[in-house]
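**Q** Just so you know, the sequences run in chain order A and B. According to the numbering used here, the residues represented by the first sequence are 17 to 618, in order. According to the numbering used here, the residues represented by the second sequence are 621 to 978, in order. Positions of the beta carbon are idealized from the N, C-alpha and C atoms, including for glycine. Next up is a structure, given as structure tokens.
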Amino acid sequence: MSHDATLVQAHDAHGHHDGHHEHHKQHFITKYIFSQDHKMIGKQYLVTGIIWAVIGALFSVFFRLQLGFPNSTFPIMEQFLGEWAKGGKLSPEFYYAMVTMHGTILVFFVLTAGLSGTFSNFLIPLQIGARDMASPFMNMLSYWFFFISSVIMFISLFISTGPAAGGWTTYPPLSALKEASLGSGLGMDLWLISMTLFIVSQVLGGLNYVSTILNMRTNGMKMTRMPLTMWSFFFTAVLGLLSFPVLVSAVVLLLFDRHMGTSFYLSEIFIGGKALSHMGGSPILYQHLFWFLGHPEVYIVMLPGMGMASEILSTHSRKPIFGYTAMIISLIGITSLALIVWAHHMFVSGMSPFLGSVFVLLTLLIAIPSAIKVFNWLTTIWRGSIRFTVPMVFAIGFVSIFISGGLTGIWLGNSALDIHLHDTYFVVAHFHLVMGVSAFFGMFAGVYHWFPKMFGRFMNNTLGYIHFFVTFIGAYLIFWPMHYAGLAGMPRRYYDYTQWATYAPYQNMNAFISIVVVITFFAQLLFVFNFFVSMFRGRKVTSTNPWGSTTLEWTTPIHPGHGNWEGPIPEVYRWPYDYRDDGNGKDFIPQNVPLRPGEEEH
Amino acid sequence: MSGLILTALVILVFIVIYQIARASEYVNLIRGEEETVSKKTNKALAWVLLIIFFLGMWGIYECHVHLAPLYLPESASVQGLEYESMLMWTIIITGIAFFGTQLFLFWFAFKYQAREGRKPLFYSHNNKLELIWTTIPALTLMILVAIGLKNWNNMTSKAPDDALKVQVVGKQFNFIIRYPGKDGIFGKTNFRLINDANNVLGLDWNDKASHDDIIIENGEIHIINEKHVQFVINSRDVLHNLSLPHFRMKMDAVPGITTTLWMTPRISTAKMREITKNPEFVYEIPCSEMCGKGHYSMKGTVIVETKAEFDKWLSEQKTYYSMHNGVAEAPKADAPANDAAPADSSAVKQDTTAVAVK
């Protein structure tokens, strides 16, 4: 094995990030920047995602300071934000800008691009046995569209009127009229342009993921022999392809309303001391178009984590995933239902109540496949032999938080409860747990699990455990109390509650949450630190399959070059979860091992 | 400067932690322990997870003790009572699912930690189990859907004919309230006639029904206890939301579209002051739909009073027409102006100036 490893090192194209690129055949630019290698593109997505995550999380720290301590000043904020936090106190305009950017950044740039961008790119060819994506060039373009979109959004943070400030949903008329808010000026235009480019990037990426999975599987890799990660990335991409283009239309119509005098979303508005000429539009149209993407988006964020958690729970319990077929069927169920539940975000928007009832039924149906998945995960670890590696504890945390956040969806999906809970802290608690924290836990589990494959080194375990425990406990301490405030109807997106007799008593709770947010934020920085330092100084991986996993990516060399396998692509003979005695004292049988004489497929 | 020092300090602390952690990992490695997790660490982690589970349960209890007393007083509307009972059922059902699954998760994690001689069970599927845990959630959810839709249909049904009608119009950043006056009919409005000085809702004085309309500009809604009330909700500029947390309801205010919400108040403001032992208690109305920089300060109030109190209060209010004496010769501005040509809007501008001049 060690002999293999040295050979591999000699041929390695990715092991050294130390700048001695002149030793390699590839030029620095084609290797690290305009790379067409799916593994490098995946890493580019990941690093960009991490940078965005730090910015997005920092914003949440700033606005949490305002929420937790509305009567105090924090001069350090002025260092970061200048004019926007004069004297160390956030202005309301910028508070809303940061809330908006926090949502936009985390939902789109981190949990969509940073999550499925990273892992779909990195894992799809490796796990299905392909040398690269169907179109490596398009794949590269996908990243660079994302990059340009990022740059535009980043620039919008620095303009004098500030970035978009109408909430991540940017509902018109607020987002359509520059008289309505400072953030609805240039910042909003940049937001819209950035989102359009982002969607181009997602479509390019998604087409690649789908066509690669459908067409480029190695011999013997039937669809029903694919790891659940592949299934989840596949459906993630399908959802994105079907729903993201609708957001483009919403965005383009909004641009028209803003600049060309059309009235798609605007009607009978008096603002800034004058009546506008717009007639006949409907702001509810925008909400339909937005949530037609916006709701599938939640599952675009969730599914990759589900797939990776399935894989990781199985590997580190040394036990096959329970109910592989049921897992796929429930993924199909979630994917199809995800497309037809969007209007549950709009129960109190003035939409027809009858339509509301239909969406109640469809929404609660989606709890069934979700429940099946949870029961299957529980049965997967039942009677296993669990190794509490860092990815494993994150996968367990994922399941716990997914349950906690998912169950409250049953409350909110029922319109007769939503009529009180809509747009309160209950919603904030619900979606942060279910699609924020739990998606992040899936992502962290994935990063810790596949880091050895990405960089040939391990991340530091001790730091990983500290990261896990602080984040896990922190997430519950932050979001659990919010349910109580939400039940009392405490509205979200408020800058200050002190003048509300009904909500001022929650001040202590808000202060407590803000303190936990700061601590949890530093734990995330610890992760970022661990990530970058381990890239160069982490413990080296010494065997090709450090976790004892069955899937194909662990049959590649420790530092796979462009093309992934040195020799021919391995063929596949069995399903991906053969965690059982191989007859030679090992407790797993990789997918590329032929069936023994007389052996039946699971 | 202080920002820089802080950043440097954080990085320094991280480096120290990293180096210590790294050293301890190499020590384990030299001892020849397994590559993934050492047996000792594995056992310790299993215990820590179990302890966290119990701490979590205690935390849920503590949280409840501290925050439950801050909950709203009992529902002030009849419809809110239905909400409360439905909430109870939902809490019970999801609560069972929550504690059950979390308990299994952490219990399995602890019980099935890797140990010397443990052989994991190769257990790939069981269709009977899958069927059971598909059917049970499905049936349970159908119960919740049934309760939910029943309540939803009640809440969104047509308001009773005898309901008191109150118009609530949202604008940045307050609510404007209108009562139809003696005739019981809201006079016509046109947003092009809006003028903040003397016609905040754009009442069309050509419509006689508008002459007895009463407008309350301080966001105070007076309603009669135990009498149905229907809110007719509009917005002048961006989206707003009329939230009635004490009545467990809310509805968006959408420019260009009229939304409605009806309910039956059951506890007067005076009674609620007794219940909450708070002589200053008022029913606050927050705006719950992001509407700009003043969103957090957009407040209205509801006063629930007896019929006699309400009638007395209403009779003291002057009609908006009499307050701004209407400019009876208000020009016919509104030939339906859908084409919205700039020429048209300038015409409107002239009209409004005419109104302002009186």
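Could you tell me which residues DSSP pairs with B:HIS842 in its beta bridges?
**A** Beta-bridge pairing links B:HIS842 to B:ILE923.
**Q** Could you check where the alpha helix (DSSP H) with A:TRP247 kicks off and where it finishes?
**A** Residues 244–275.
**Q** Specify, as a first and last residue, the run of the beta strand (DSSP E) that B:PHE851 falls within.
**A** Taken as a continuous stretch (DSSP letters only), the beta strand (DSSP E) holding B:PHE851 covers 849–855.
**Q** Under 6 Å Cβ to Cβ from A:THR514, same chain only, skipping five residues before and after it: list those, please.
**A** Here the set comprises PRO86, ALA520.
**Q** Does the beta carbon of A:TYR589 sit closer than 7 Å to a beta carbon anywhere in chain B?
**A** It does not; no Cβ of chain B falls within 7 Å.
**Q** What's the gap between the Cα of B:ILE1016 and the Cα of A:VAL376?
**A** Limits of chain B in this structure are 621 at one end and 978 at the other, which puts residue 1016 of chain B out of reach.
**Q** In three-state DSSP terms, what is B:CYS683?
**A** It is helical.
**Q** How is B:ARG798 classed by DSSP in three states: helix, strand or coil?
**A** B:ARG798 falls in the strand class under three-state DSSP.
**Q** Can we say the segment 239–249 of chain A touches the segment 316–331 of chain A, given the rule of at least three CB pairs closer than 8 Å?
**A** Judged by Cβ distances under 8 Å, the segment 239–249 of chain A makes contact with the segment 316–331 of chain A, as three or more pairs qualify.
**Q** Determine the extent of the beta strand (DSSP E) in which B:GLN787 is found, giving its start and end residues.
**A** B:GLN787 -> beta strand (DSSP E) spans 784–791.
**Q** Counting only C-beta atoms, is B:HIS944 closer than 7 Å to chain A at any point?
**A** It does not; no Cβ of chain A falls within 7 Å.
**Q** When the cut-off is 7 Å and only beta carbons count, does B:ARG738 lie next to chain A?
**A** So, interface residue.
**Q** Compute the Euclidean distance between the alpha carbons of A:LYS602 and A:GLU569, then round it to the nearest angstrom.
**A** Straight-line Cα distance between these residues: approximately 18 Å.
**Q** If you check the beta carbons only, do A:MET318 and A:MET470 fall under 7 Å apart?
**A** Contact: no.
**Q** Would you kindly work out how many angstroms separate the C-alpha atoms of A:VAL443 and A:TYR225, rounded to a whole number?
**A** Using only the alpha carbons, I get a separation of about 32 Å.
**Q** Using beta carbons (cut-off 7 Å, strictly below), is A:ILE417 in contact with chain B?
**A** It does not; no Cβ of chain B falls within 7 Å.
**Q** Note down, in chain order, each residue of its chain lying with its Cβ closer than 7 Å to the Cβ of B:TYR940, except the 5 sequence neighbours on either side.
**A** Hits under 7 Å: LEU823, ASP833, ILE834, ILE835.
**Q** Determine which residues share a DSSP beta bridge with A:PHE286 and list them.
**A** A:PHE286 is bridged to A:ALA291.
**Q** How long is the line joining the alpha carbons of B:THR755 and A:ILE419, rounded to whole angstroms?
**A** Whole-angstrom Cα-Cα distance: 18 Å.
**Q** Between B:VAL820 and B:GLU837, how many whole angstroms is the CB-CB distance? I'm expecting something under 8 Å.
**A** At roughly 6 Å, the Cβ-Cβ gap stays under 8 Å, so B:VAL820 and B:GLU837 are in contact.
**Q** Taking its Cβ as the centre, do 16 or more other Cβ atoms sit within 10 Å of A:SER298, making it buried, or is it exposed?
**A** So A:SER298 counts as buried.
**Q** Three or more C-beta pairs under 8 Å: does that hold for the segment 462–476 of chain A against the segment 333–345 of chain A?
**A** As far as the Cβ criterion goes, the segment 462–476 of chain A does not touch the segment 333–345 of chain A, which means the pair count is below three.
**Q** A:ILE328 and A:HIS465 - do their beta-carbons sit closer together than 7 Å?
**A** Contact flag set, yes.
**Q** Could you please give the first and the last residue of the uninterrupted alpha helix (DSSP H) stretch that includes A:LYS389?
**A** First-last of the alpha helix (DSSP H) with A:LYS389: 383–397.
**Q** Taking all protein chains shown into account, do 16 or more other C-beta atoms lie within 10 angstroms of the C-beta of B:LYS702, making it buried, or fewer, making it exposed?
**A** One point to set straight first is that residue 702 of chain B is Glu, not Lys, in the sequence displayed. Per the 10 Å Cβ criterion, buried.
**Q** Would you mind telling me which residues of chain B sit closer than 7 Å to A:ARG596, beta carbon to beta carbon, in chain order?
**A** Ordered by position in chain B, the residues that pass the 7 Å Cβ test against A:ARG596 are PHE742.
**Q** Express the C-alpha separation of B:LYS739 and A:ARG334 in angstroms, rounding to a whole number.
**A** Using only the alpha carbons, I get a separation of about 9 Å.
**Q** Going straight from the alpha carbon of B:ASN815 to that of A:VAL123, what length do you get?
**A** If I take the Cα positions, the gap works out to 41 Å.
**Q** Considering only the beta carbon of each residue, do A:GLY58 and A:GLY130 sit closer than 7 Å?
**A** Cβ distance not < 7 Å, so A:GLY58 and A:GLY130 don't count as in contact.
**Q** With 16 other CB atoms within 10 Å as the buried threshold, where does B:ALA678 fall?
**A** Residue identity differs from the one stated: residue 678 of chain B is Trp in this sequence, not Ala. It counts as exposed.
**Q** Going by C-alpha to C-alpha distance, which of B:GLY912, B:LYS778, B:VAL924 sits closest to B:TYR903?
**A** With distances taken between Cα atoms, B:TYR903 lies closest to B:VAL924.
**Q** Is the shortest distance between the beta-carbon of B:PHE674 and the beta-carbons of chain A less than 7 Å?
**A** So, not an interface residue.
**Q** Measure the alpha-carbon distance for A:SER492 versus B:HIS686 and round it to whole angstroms.
**A** The residue you asked about is not Ser; residue 492 of chain A is Tyr in the sequence shown. So the alpha carbons of these two residues sit roughly 16 Å apart.
**Q** If we define contact as Cβ-Cβ less than 7 Å, is A:ARG509 a contact residue for chain B?
**A** Judged by the 7 Å Cβ criterion, A:ARG509 is in contact with chain B.
**Q** Count the other CB atoms, across all protein chains shown, that sit within 10 Å of the CB of A:TYR61; report buried if there are 16 or more and exposed otherwise.
**A** So A:TYR61 ends up on the buried side.
**Q** Against chain A, does B:MET918 count as a neighbour if the rule is that its beta carbon must be under 7 Å from one of theirs?
**A** False, the Cβ-Cβ gap to chain A never drops below 7 Å.
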